[in-house]
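Report on the following structure.
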Amino acid sequence: EADIYQTPRYLVIGTGKKITLECSQTMGHDKMYWYQQDPGMELHLIHYSYGVNSTEKGDLSSESTVSRIRTEHFPLTLESARPSHTSQYLCASRGARGSREQYFGPGTRLTVT
Amino acid sequence: QKEVEQNSGPLSVPEGAIASLNCTYSDRGSQSFFWYRQYSGKSPELIMSIYSNGDKEDGRFTAQLNKASQYVSLLIRDSQPSDSATYLCAVNMGSGGSNYKLTFGKGTLLTVNP
Chain A
268 EADIYQTPRY
278 LVIGTGKKIT
288 LECSQTMGHD
298 KMYWYQQDPG
308 MELHLIHYSY
318 GVNSTEKGDL
328 SSESTVSRIR
338 TEHFPLTLES
348 ARPSHTSQYL
358 CASRGARGSR
368 EQYFGPGTRL
378 TVT
Chain B
283 QKEVEQNSGP
293 LSVPEGAIAS
303 LNCTYSDRGS
313 QSFFWYRQYS
323 GKSPELIMSI
333 YSNGDKEDGR
343 FTAQLNKASQ
353 YVSLLIRDSQ
363 PSDSATYLCA
373 VNMGSGGSNY
383 KLTFGKGTLL
393 TVNP
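Chains A and B supply the protein sequences, listed in that same order. Each residue of the first sequence is one higher than the last, beginning at 268 in the working numbering. Each residue of the second sequence is one higher than the last, beginning at 283 in the working numbering.
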């Protein structure tokens, strides 16, 4: 099982602010993912990375951006938050070749007022 | 479009009963299958993975895979109220070994009544 950390766990912020949601893992996993999930709704993949300097957009279009400068760190940034960005953001990671299991962090619940 | 379908639910069972959760997937070449449990307001927790046809048991949980029928299920024996959660089926689609994304179903809400 992976140790995946997300900060902050809860964030209430005003419209127009710049936000960075942090995600880090200590297992050296090369594959990392960001999902967005509204309460009671399905998971949507918004970004993923298969290694350092590799990032791709997911299945759901998102105004957020990501970076992967270090293996253990995969932050998500919103340049100008809007109420429509209110959601839960979940980070996940998966191990190297031969390891198929994907584990989730605890999530960040974002509210934009 | 590659899809994962789950029985829509909600599913309600009495305490001590067997809960059966079902999932079908569209990509015949899929190789890896997972069940996650998600409590309300929490993140998904991996509870079972299965890669070969047949049954895989872990405590009160049994995952069943039938690749020919493109069907995977999760049985929960001796259901407890603490099992009440949404169960997500996830499939790693594609046979090429280069797809590392999971496709998730919409989830089935299970309620175990005391």
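The C-beta atom is built at its ideal place from N, Cα and C for all residues, glycine as well.
Requested in this report: Using three-state DSSP, classify B/Ser351 as helix, strand or coil.
Outcome: Along the second sequence, read from residue 1 onward, the residue named residue 351 of chain B stands at position 69. DSSP places B/Ser351 in coil when its eight states are reduced to three.
Requested in this report: Return the residue from the list A/Asp305, A/Arg335 and A/His296 that minimises the CA-CA distance to A/Pro350.
Outcome: Here residue 350 of chain A is taken as the residue at index 83 of the first sequence, counted from 1. The shortest Cα separation from A/Pro350 among A/Asp305, A/Arg335 and A/His296 belongs to A/Asp305.
Query - CB of B/Ser314 within 9 Å of CB of B/Asn374, strictly - result: Start at 1 with the first residue of the second sequence, and residue 314 of chain B comes out as number 32. Start at 1 with the first residue of the second sequence, and residue 374 of chain B comes out as number 92. A contact, by the Cβ cut-off of 9 Å.
Query raised in the report: Short check: CB of B/Thr390 to CB of B/Ser308, under 9 Å?
Result: The sequence position of residue 390 of chain B within the second sequence is 108, counting from 1. The sequence position of residue 308 of chain B within the second sequence is 26, counting from 1. 9 Å or more divides the Cβ of B/Thr390 from the Cβ of B/Ser308.
Query raised in the report: Whose Cβ in chain A lies nearer than 7 Å to the Cβ of B/Asn384?
Result: Working through the second sequence from its first residue, we reach residue 384 of chain B at position 102. Going by the sequence as given, residue 384 of chain B is Leu instead of Asn. Per Cβ cutoff of 7 Å: Gln369.
Requested in this report: Starting from A/Tyr317, trace the beta strand (DSSP E) both ways and give me its first and last residue.
Outcome: Taking the first residue of the first sequence as 1, we reach residue 317 of chain A at position 50. Run containing A/Tyr317: His311 to Gly318, per the beta strand (DSSP E) assignment.
Query raised in the report: Who are the near neighbours of A/Tyr344 in its chain, counting only those whose CB is closer than 8 Å to its CB and skipping five residues on each side?
Result: Taking the first sequence and counting its residues from 1, one reaches residue 344 of chain A at position 77. With the sequence shown as reference, residue 344 of chain A is identified as Thr, and Tyr is not the correct amino acid for it. Counting only residues of its own chain and dropping the five nearest sequence neighbours on each side, A/Thr344 has a CB closer than 8 Å to the CB of Lys285, Ile286, Thr287, Leu288, Ser331, Thr332, Val333 and Ser334.
Report task. Note the first and the last residue of the continuous beta strand (DSSP E) segment covering B/Gly336. Result -> As a position in the second sequence, residue 336 of chain B is number 54, starting the count at 1. It spans Gly336 to Asp340 - the beta strand (DSSP E) in which B/Gly336 sits, taken as one unbroken run.
Report task. Could you tell me which residues DSSP pairs with B/Asn304 in its beta bridges? Result -> Taking the first residue of the second sequence as position 1, residue 304 of chain B is located at position 22. Paired residue(s): B/Ser355.
Query raised in the report: What residue does the beta strand (DSSP E) around B/Tyr369 start on, and which one ends it?
Result: Here the question's residue 369 of chain B lines up with position 87 in the second sequence. Element bounds for B/Tyr369: Ala367 to Asn374.
Query raised in the report: Which residues share a DSSP beta bridge with A/Lys324?
Result: In the first sequence, counting from the first residue as 1, residue 324 of chain A sits at position 57. According to DSSP, which records beta bridges pairwise, A/Lys324 is partnered with A/His314.
Query raised in the report: In chain A, which residues lie with their C-beta within 7 Å of the C-beta of B/Lys388?
Result: Within the second sequence, the letter at position 106 stands for residue 388 of chain B. What B/Lys388 touches in chain A: Glu309.
Query raised in the report: At least one CB of chain B closer than 9 Å to the CB of A/Leu377: is that the case?
Result: Counting from one through the first sequence, the residue named residue 377 of chain A turns up at place 110. By this cut-off, A/Leu377 is not an interface position.
Query raised in the report: Could you give the C-beta distance for B/Val295 and B/Ser361, rounded to a whole number, given that I count them as a contact under 8 Å?
Result: One-based indexing of the second sequence puts residue 295 of chain B at position 13. One-based indexing of the second sequence puts residue 361 of chain B at position 79. Confirmed, about 5 Å.
Query raised in the report: Given a threshold of 16 other Cβ atoms within 10 Å of its Cβ, counted over all protein chains shown, does A/Leu327 qualify as buried or as exposed?
Result: Your numbering for residue 327 of chain A matches position 60 in the first sequence. Answer is exposed; the Cβ neighbour count stays below 16.
Requested in this report: Rounded to whole angstroms, what's the CA-CA distance from B/Ala372 to A/Gln273? Just pull it up for me.
Outcome: Here residue 372 of chain B corresponds to residue number 90 of the second sequence, with the count starting at 1. Here residue 273 of chain A corresponds to residue number 6 of the first sequence, with the count starting at 1. Rounded to whole angstroms, the separation of the alpha carbons of A/Gln273 and B/Ala372 is 22 Å.
Query raised in the report: Anyone know if the C-beta pair for A/Ser360 and A/His314 falls short of 9 Å?
Result: Position 93 of the first sequence, counting from 1, holds the residue named residue 360 of chain A. Position 47 of the first sequence, counting from 1, holds the residue named residue 314 of chain A. Their beta carbons are not under 9 Å apart, which means A/Ser360 does not touch A/His314 by this criterion.
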